[in-house]
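One structure is given below, encoded as structure tokens.
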Amino acid sequence: MIRRTFATALAAATMLAAAGAAMAYPDKPVTYIIPFNPGGESDITARLQQPFFEELTGQSLIIKYQAGAGGAQAWSQLNQMSGDGHVIMGTNLPHIILQPLTSNPGYETDDLTNIYMFHYTPDAIIVSKDSQFKTLQDLIDYAKANPGAVTFAGSGTNSANHLALQRFNELAGVTTTYIPFGGTGPSVTALLGGQVMAGMGYSTVAANHADDTRMLAVATEERMALFPDVPTFKELGIDMVSGAYRGIAVPASTPEDIRKELSDIIDRINHDPDFIKRMEEGGFVVTNIGYDQIDAFMAQKKKELSAIAQQMGILKQ
Amino acid sequence: MGMFDYLFQALTPLNLFLAVTGVVLGTVIGALPGLSATMAVAVLVPFTFAMDPATGLIALGAIYTGAIYGGSFSAILVNTPGTPSAIATTFDGFPMAKRGDGNLAVTLATLASVIGGLVGAIALMLLAPPLAKVALAFGPPEYFWLAVFGLTLISALSVGNMLKGLIGACFGLLLSMVGVAVIGGDIRFTMGTQVLLGGIDVIAALIGLYCIPVVIDLVATPDPHLKVSTERSGFRLKEAARIAWTSKFNLIRSSVIGTVVGILPGAGGSIASLVSYSEARRSSRHPERFGTGEPDGVLATESANNATVGGGFIPTLVLGIPGTPPDAVILGALLVQGIRTGPALFTEGASIVYTFIFGLLIATLLMLPAGLMLGRYAYKSIITIPKAALVPTIALMTVIGSYAINNNADDVIVMVAIGFVGWVLNRIGFAPSPIVLGIVLGQIAEQGFVQAYLIGNAQGGVLSMFFGRPISLGIVALALLTLFYPFIMSKWRARRASGATATAEAGRAE
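Chains as they are written, first to last, in the numbering used here: chain A, 1 to 317; chain S, 1001 to 1510.
Laid out in structure tokens, this is it:
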């Protein structure tokens, strides 16, 4: 609350200052809405962007949380917010594609004006340090011998983790059991406590629990700098390059030049070596998908994800 | 570096200043229903990025522990828990305030919170790495049984109204199912509206069920909100300290329960205070006084919920698994600071961890003077503000509080609607607490059950999943004991009484 009052005061001050000068974007504090609870990956990466954004633009970036319905509550309200570029919102893939495909979340994928996808957390198969599975092949062999017996913890139903496991099952020709948990935290707890045999999560889990876990494979194009010893799925003959992408969207009423301007700012942050270093340490992979490429990227992802959703039989009637 | 160095590092003017400010801010935020501990911590996080890690952690820990404590003010004075952790504090705190002992109840809550907070923080300092294993020992079946245990506690606590307590809890369980299911993804009981898609927020339900009936009753009755005793004003610190000293076992037991429950990710302060409350009642010499303004009830719940603060930091710092929702925010802040959690943090990062723990201990101690001042002020304003001003103030707070949960107007609609339902239910004898606890426990029970079933199924043994694990069996035994304890006790008393009369008669016959 204090921050908000402070921000309002700051806003008033800057507006006075800007009155004479030419209007440049951004000319007042920017509100960055995260559609999830604080403490998750969306929050952490927004927090990492925050100082760089403030340094670049001289305006403060105020992070606000509007959690609910797996993000749908915020996304369904985005287009009613003011479109002067001072309200931006985090968007997550596959959520914004899957939700409208499988249910009626109150928005369509194309309603959201994404202007940048700035990183992704690659899907990864993780086991606890003392697991019997030393390599991915161990796990596949066991799963082939005991169909359905390998339990995988993941976050949520019909979520990124769930889909990734479904794809893995199909490509590796195995049957496993997916156990959904209420978030990354509880699913990691179950993994570390030996309640499940493996986890379908993100590289970030392995980065944060390096001492207690072993990542068997990661769904990136090339091996990650942070994990030079962990093979990619591709190397092991499983064609999986996927994960949860996080980006930024603006209300549909936001003018074209501001969209471009914002995309440029995020792009500059994304190329800051210090930012890249901090993201990589956390297990995030920086992606530079700007405003001019975003439509093609979204179309591609929509195609991929609807195919998997159809296989899983979760498309809405 | 020795422990004394860490203590001195925690005692720098900046750290002390942040500890005081954190505790005061936290207490105020916690006292306002709807502004939760999680929110208090999240608001502060960006400021801590400019500080060194230990200092930032001290500020966050101070505001967190202050918020958990502050929740007791509104629980005692307005019958509305400021945070879910303070639900059980309303049981005896508000009856105390009603009969004119509001200041005594606030002072008792302060003493209990300080002691609980100290026990939790000391456990964090001395026993964190071994205790963290407790968090991992609890799997889906244990959480399922823990929630079932919690539900049996509700029925046992609904004195003389066991049936209504159970019905209320079942209503809460049903409410917990509204919205998109975490497991299965089904959309349930939303009646086709977007408003209910996100489910019924626990905080919105909490505000609605407790505050709206209070507001309506304030308007509907001519009596003053609280009785004021003129001859016993002030802190009544001596009196409170005497009561706390006689109840030292209750305080220690409740603090230990709070610490252990705090270690369990996903259990939280509401379960901790509920368990310790029922334990306090069970072992009391006057169990019948509980629920009518028994100081032991306030001592039990407030020491337990502040002990969860230190307890919750144990899995957060040792395993990187947040013990409570505010811990999740703090963990995120640590990651942004580039601090890797894990057992190594207690050796390699010792200067950060131990400076922080000393800071937390100091902040907890500072809660005593800060809390007494704030509590006195809160008590005075509640009794001196005329009802015509008090009612709109509380009404406005309910709207702000429920909006602030997710910055969403839908939660306000849910809060008001559920509040009116709650008022009607209140009139026909259904208390709000079983309903709210049903909502909290319903989610834990459902997820635990489905996960345990799926895992059991995959391993070819559903029954052994639920009934073949030692911790599960222990919790089942506790639940059964709670459920049948009143019957066993009354049987036993009856037998002893009849035995006593028989001996007496035998004596007379001689």
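Just so it is clear, CB atoms sit at the ideal spot from N, CA and C, and this is done for glycine as well.
What does a CB cutoff of less than 8 Å around residue i pick up in its chain, not counting 5 residues either side in sequence?
i	result
Leu1526 (chain S)	For chain S, the structure presents residues 1001 to 1510; residue 1526 (chain S) sits outside this window and is missing.
Glu1348 (chain S)	none
Val1041 (chain S)	Leu1060, Ile1063, Tyr1064, Ala1067, Pro1326, Val1329 and Ile1330
Looking only at its chain, what residues have a beta carbon closer than 6 Å to the beta carbon of residue i, apart from the 5 residues adjacent to it on each side?
i	result
Leu165 (chain A)	Phe152, Tyr178 and Met200
Ala143 (chain A)	Val150, Val174 and Thr176
Arg278 (chain A)	Leu48
Lys302 (chain A)	Ile97
Residue i touches chain A at which residues, Cβ-Cβ below 7 Å?
i	result
Ile1068 (chain S)	Residues of chain A passing the Cβ test: none, with the nearest at roughly 17 Å.
Val1336 (chain S)	Ile44, Arg47 and Leu48
Leu1226 (chain S)	Going along chain A, no residue has its Cβ under 7 Å from Leu1226 (chain S), so there is no contact; the nearest lies around 28 Å.
Val1329 (chain S)	Pro38 and Gly39
Ile1183 (chain S)	Thr157 and Pro180
Ala1458 (chain S)	Gly148, Ala149, Thr151 and Thr177
Val1180 (chain S)	Ala69 and Gly70
Ile1187 (chain S)	Ser103
Gln1447 (chain S)	Gly182
Gln1194 (chain S)	Ser76 and Gly106
Please compile the residues from chain S whose C-beta is within a distance smaller than 8 Å of the C-beta of residue i.
i	result
Asp111 (chain A)	Near Asp111 (chain A) there are no residues of chain S at all, since even the closest Cβ is about 14 Å away, more than 8 Å.
Lys64 (chain A)	Asn1407
Contact defined as beta carbons within less than 8 Å: I believe residue i pairs with residue j. What is the distance between those atoms, to the nearest angstrom?
i	j	result
Thr45 (chain A)	His119 (chain A)	6 Å
Gly1311 (chain S)	Gly1120 (chain S)	5 Å
Ala1304 (chain S)	Gly1116 (chain S)	6 Å
Val87 (chain A)	Ile33 (chain A)	7 Å
Leu243 (chain A)	Ala210 (chain A)	Here the sequence assigns Gly to residue 243 (chain A), which means Leu is not the residue at that position. The pair is not a contact, with the Cβ atoms about 19 Å apart (cut-off 8 Å).
Glu281 (chain A)	Tyr25 (chain A)	31 Å between Cβ atoms; not a contact.
Arg1032 (chain S)	Met1397 (chain S)	The amino acid occupying residue 1032 (chain S) in the given sequence is Leu; Arg does not appear at that position. Going by Cβ atoms, the distance from Leu1032 (chain S) to Met1397 (chain S) rounds to 6 Å, so yes, they are a contact pair.
Thr1027 (chain S)	Leu1365 (chain S)	That pair is no contact at about 14 Å.
Leu56 (chain A)	Arg268 (chain A)	6 Å
Ala1363 (chain S)	Gly1022 (chain S)	6 Å
Locate the alpha helix (DSSP H) running through residue i, then write down its first and last residues.
i	result
Arg268 (chain A)	Glu256 to Asn270
Leu1196 (chain S)	From DSSP, Leu1196 (chain S) is part of no alpha helix (DSSP H); its letter is neither H nor E.
Asn208 (chain A)	Ser203 to Asn208
Thr1259 (chain S)	Lys1248 to Ile1263
Val1336 (chain S)	Pro1325 to Gln1337
Val1275 (chain S)	Gly1268 to Ser1283
Along the beta strand (DSSP E) that carries residue i, what are the first and last residues, could you check?
i	result
Thr951 (chain S)	Look at the range of chain S in this structure, 1001 to 1510, and you will see that residue 951 (chain S) is not part of it.
Phe119 (chain A)	Inspection of the sequence shows that residue 119 (chain A) is occupied by His rather than by Phe. Unbroken beta strand (DSSP E) run through His119 (chain A): Thr113 to Ser128.
Phe152 (chain A)	Thr151 to Ser155
Tyr1210 (chain S)	Premise fails: Tyr1210 (chain S) lies in the alpha helix (DSSP H), Val1202 to Ala1220, not in any beta strand (DSSP E).
Val1106 (chain S)	Val1106 (chain S) -> not in any beta strand (DSSP E); alpha helix (DSSP H) instead, spanning Gly1102 to Ala1137.
Leaving out five residues before and five after residue i in sequence, what residues of the same chain have Cβ atoms less than 7 Å from its Cβ?
i	result
Tyr96 (chain A)	Correcting the residue type first, residue 96 (chain A) is Ile in the shown sequence and not Tyr. Trp75, Thr109 and Leu112.
Ala1452 (chain S)	Pro1140, Pro1141, Phe1144, Met1465 and Phe1466
Tyr1403 (chain S)	Ala1409, Asp1411 and Val1412
Ala1097 (chain S)	Ile1076, Leu1077, Ala1105 and Leu1226
Val1391 (chain S)	Val1215, Leu1218 and Val1219
So residue i contacts chain S; which residues on that side make the cut at Cβ distance below 7 Å?
i	result
His209 (chain A)	Gly1320
Ile179 (chain A)	Gln1451, Leu1454 and Ile1455
Pro186 (chain A)	Pro1265 and Gly1266
Glu192 (chain A)	The displayed chain sequence assigns Leu, not Glu, to residue 192 (chain A). Residues of chain S passing the Cβ test: Leu1136 and Leu1319.
Val127 (chain A)	Ordered by position in chain S, no residue passes the 7 Å Cβ test against Val127 (chain A), which lies about 15 Å from the chain.
Determine the DSSP secondary structure at residue i, reduced to helix, strand or coil.
i	result
Thr57 (chain A)	helix
Lys1387 (chain S)	helix
Ile1428 (chain S)	coil
Met1162 (chain S)	helix
Leu1018 (chain S)	helix
Gly183 (chain A)	coil
Val1412 (chain S)	helix
Asn1306 (chain S)	helix
Ile1087 (chain S)	coil
Thr1364 (chain S)	helix
Gly20 (chain A)	The predicted model places Gly20 (chain A) with a pLDDT of 37, which falls under 50 and marks its position as unreliable, so this point remains unresolved.
Lys1227 (chain S)	coil
Thr109 (chain A)	helix
Val196 (chain A)	coil
Gly237 (chain A)	coil
Please list, in chain order, the chain A residues whose beta carbon lies closer than 8 Å to that of residue i.
i	result
Gly1332 (chain S)	Pro38, Gly39, Gly40, Asp43, Ile44 and Arg47
Does the ligand COA have a heavy atom nearer than 7 Å to the CB of residue i?
i	result
Phe53 (chain A)	The ligand COA is absent from the structure shown, which contains no ligands of any kind.
Check the Cβ of residue i against every Cβ in chain A and list those closer than 9 Å, keeping chain order.
i	result
Pro1033 (chain S)	The contacting residues do not exist; Pro1033 (chain S) stays about 15 Å from chain A at best.
Ala1062 (chain S)	Ordered by position in chain A, no residue passes the 9 Å Cβ test against Ala1062 (chain S), which lies about 15 Å from the chain.
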